[in-house]
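Novice: Everything in the sequence shown is counted per my numbering, starting at 111 for the first residue and increasing by one.
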Amino acid sequence: MKIFIDTANFDEIKAAYEMGFIAGVTTNPSLIVKEKRDLKEVIKQIAELVEGPVSAEVIATTAPEMIKEAHELVKLGSNVVIKVPMTEEGLKAVSVLSKEGIKTNVTLIFSVNQALLAARAGATFVSPFVGRIDDMSMDGITLIEDIAEVFMVHDIKAEIIAASVRTPMHMTQCAKAGAHIATVPYKVLTASMKHPLTDAGLARFLADWEAANK
Ligand code: E4P
């Protein structure tokens with residue numbers, strides 16, 4: 111499973127990117143708004159830093175407007191992927207964009223059928239939302255497992271981005287469930303790096319070294 115970072119905050123992206131494990135970035139309108147910066151300026155800056163796919167979401171709700179917006183967004187970098195909501199208009203836009211060779215990420219996926227339809231429309235990536243399903247007292251990880259099984263059985267090439275990842279445990283579960291990618295907030299990534307035995311072990315190594323080299 112590849113790791114993307116789910117944020118529009120450049121400092122977080124840069125800090126995580128320098129650690130070498132980030133293969134891409136996802137943003138959404140809520141994350142962009144938090145930065146209080148121009149959407150195009152943010153996406154351009156991220157796309158220049160990161161080599162992998164950078165998802166930028168359209169704001170439009172009709173296919174022609176989404177396509178127009180997508181054509182503007184892809185000018186910001188050759189690695190920009192157009193994030194489109196899982197709606198009828200969204201699928202029409204994905205169908206046109208994929209025929210033009212523009213990569214798309216269909217977002218707000220909450221069922222296997224939505225994932226299947228998005229993939230068949232030509233999506234490069236599909237983004238099922240684990241945490242938001244868990245919020246409804248349902249099981250987001252089961253959805254990842256089911257989509258992964260269906261895509262494998264039918265040899266579907268679209269990649270599954272497990273989104274709405276809220277905890278380090280989600281990250282492990284998404285990897286086990288067959289997600290190709292998990293897009294993870296910075297604070298979940300940093301929490302995932304830590305283990306008390308790592309800290310204790312390092313403290314012991316350094317203390318032993320210092321004691322022997324006084
Ligand atoms: C990423 O593609 C999604 O927009 C994001 O993961 C949503 O996460 P949230 O449910 O924690 O807002």
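Each residue gets a CB set at the ideal place from its N, CA and C atoms; glycine is no exception.
Just the C-alpha distance for T282 and Q155, rounded to the nearest angstrom, thanks.
Specialist: As a working note, residue 282 is residue 172 in the sequence shown. As a working note, residue 155 is residue 45 in the sequence shown. Cα to Cα, the separation comes out at about 30 Å.
Novice: In the DSSP assignment, find the unbroken beta strand (DSSP E) run with S165 in it and report its ends.
Specialist: Taking the sequence shown and counting its residues from 1, the one referred to as residue 165 is at position 55. 164 to 167 is the span of the beta strand (DSSP E), which, as asked, contains S165.
Novice: Inspect the CB distances between the stretch 277 to 295 and the stretch 248 to 256 and report whether three or more fall short of 8 Å.
Specialist: The answer is yes - the stretch 248 to 256 touches the stretch 277 to 295, with three or more Cβ pairs under 8 Å.
Novice: Should I169 go down as buried or exposed, given a rule of 16 or more other Cβ atoms within 10 Å for buried?
Specialist: Within the sequence shown, the letter at position 59 stands for residue 169. Exposed, because fewer than 16 other Cβ atoms sit within 10 Å of the Cβ of I169.
Novice: Tell me which same chain residues have a C-beta within less than 6 Å of the C-beta of L149, skipping the five on either side of it?
Specialist: Here residue 149 refers to the residue found at position 39 when the sequence shown is read from its first residue. Excluding positions up to five away in sequence, the list reads I142.
Novice: Taking T214 and L207 to be in contact with their CB atoms under 8 Å, please state how far apart those CB atoms are, rounded to whole angstroms.
Specialist: Translated into positions along the sequence shown, residue 214 becomes position 104. Translated into positions along the sequence shown, residue 207 becomes position 97. About 5 Å separates the two Cβ atoms, so the contact holds.
Novice: Using a 10 Å radius around the Cβ and a threshold of 16 neighbouring Cβ atoms, would you call S322 buried or exposed?
Specialist: Here residue 322 corresponds to residue number 212 of the sequence shown, with the count starting at 1. As written in the sequence, residue 322 is Ala, which differs from the Ser given in the question. The residue is exposed, with fewer than 16 neighbouring Cβ atoms inside 10 Å.
Novice: Using only CA atoms, which one of S221, E158, R147, G241 lies nearest to P278?
Specialist: By one-based count along the sequence shown, residue 278 stands at place 168. Per the Cα distances, G241.
Novice: Using only the alpha-carbon positions, how far apart do H280 and G211 sit?
Specialist: Along the sequence shown, one-based indexing puts residue 280 at 170. Along the sequence shown, one-based indexing puts residue 211 at 101. Roughly 32 Å separates the two Cα atoms.
Novice: Is any heavy atom in the ligand E4P found nearer than 7 Å to the beta carbon of T197?
Specialist: As a working note, residue 197 is residue 87 in the sequence shown. No.
Novice: Tell me whether A273 counts as near the ligand E4P, meaning its Cβ is closer than 7 Å to at least one heavy atom of that ligand.
Specialist: Counted from its first residue, the sequence shown places residue 273 at position 163. A273 Cβ: within cutoff of the ligand E4P.
Novice: Excluding the five sequence neighbours on either side, which residues of its own chain have a C-beta within less than 7 Å of the C-beta of A225, listed in chain order?
Specialist: Within the sequence shown, the letter at position 115 stands for residue 225. So the list reads I219, V236, P238, I257, once near-sequence residues are dropped.
Novice: Distance check for V294 and V190, CA to CA, integer angstroms please.
Specialist: The count along the sequence shown starts at 1 and reaches residue 190 at position 80. The count along the sequence shown starts at 1 and reaches residue 294 at position 184. Going from the Cα of V190 to the Cα of V294 covers about 18 Å.
Novice: Would you list the residues sitting across from A272 in a DSSP beta bridge?
Specialist: Walking along the sequence shown from the start, residue 272 turns up at place 162. Partner(s): A292.
Novice: Given A157, which residues of its chain have a CB within under 7 Å of its CB, disregarding the five upstream and five downstream residues?
Specialist: Sequence index remark: in the sequence shown, residue 157 carries index 47 (1-based). Only V164, L186, G187, N189, V190 meet the Cβ criterion.
Novice: Between S247 and the ligand E4P, is the CB less than 7 Å from at least one heavy atom?
Specialist: Mapped onto the sequence shown, residue 247 falls at position 137. Every heavy atom of the ligand E4P is 7 Å or more from the Cβ of S247, so no.
Novice: Does any heavy atom of the ligand E4P sit closer than 7 Å to the C-beta of S302?
Specialist: Taking the sequence shown and counting its residues from 1, one reaches residue 302 at position 192. Answer for S302: no, Cβ out of range of the ligand E4P.
Novice: Would you list the one or two residues that DSSP bridges to V337?
Specialist: The shown model of the chain, from 111 to 324, leaves out residue 337, and the question about it has no answer.
Novice: Nearest by alpha-carbon distance to K146: which of Y127, N119, E259, M196 is it?
Specialist: On the sequence shown, residue 146 is found 36 positions in, with the first residue counted as 1. Measuring from the Cα of K146, the nearest candidate turns out to be N119.
Novice: Please identify the residue among I291, H264, E269 whose C-alpha is closest to the C-alpha of V275.
Specialist: Taking the sequence shown and counting its residues from 1, one reaches residue 275 at position 165. When each option's Cα is compared against that of V275, the closest is I291.
Novice: Is there at least one non-hydrogen atom of the ligand E4P closer than 7 Å to the beta-carbon of S221?
Specialist: As a first step, residue 221 must be located in the sequence shown, where it is residue number 111. Every heavy atom of the ligand E4P is 7 Å or more from the Cβ of S221, so no.
Novice: Measuring only from the beta carbon, is R276 closer than 7 Å to any heavy atom that is part of the ligand E4P?
Specialist: Position 166 of the sequence shown, counted from the first residue, corresponds to residue 276. Yes, the ligand E4P has a heavy atom inside 7 Å of this Cβ.
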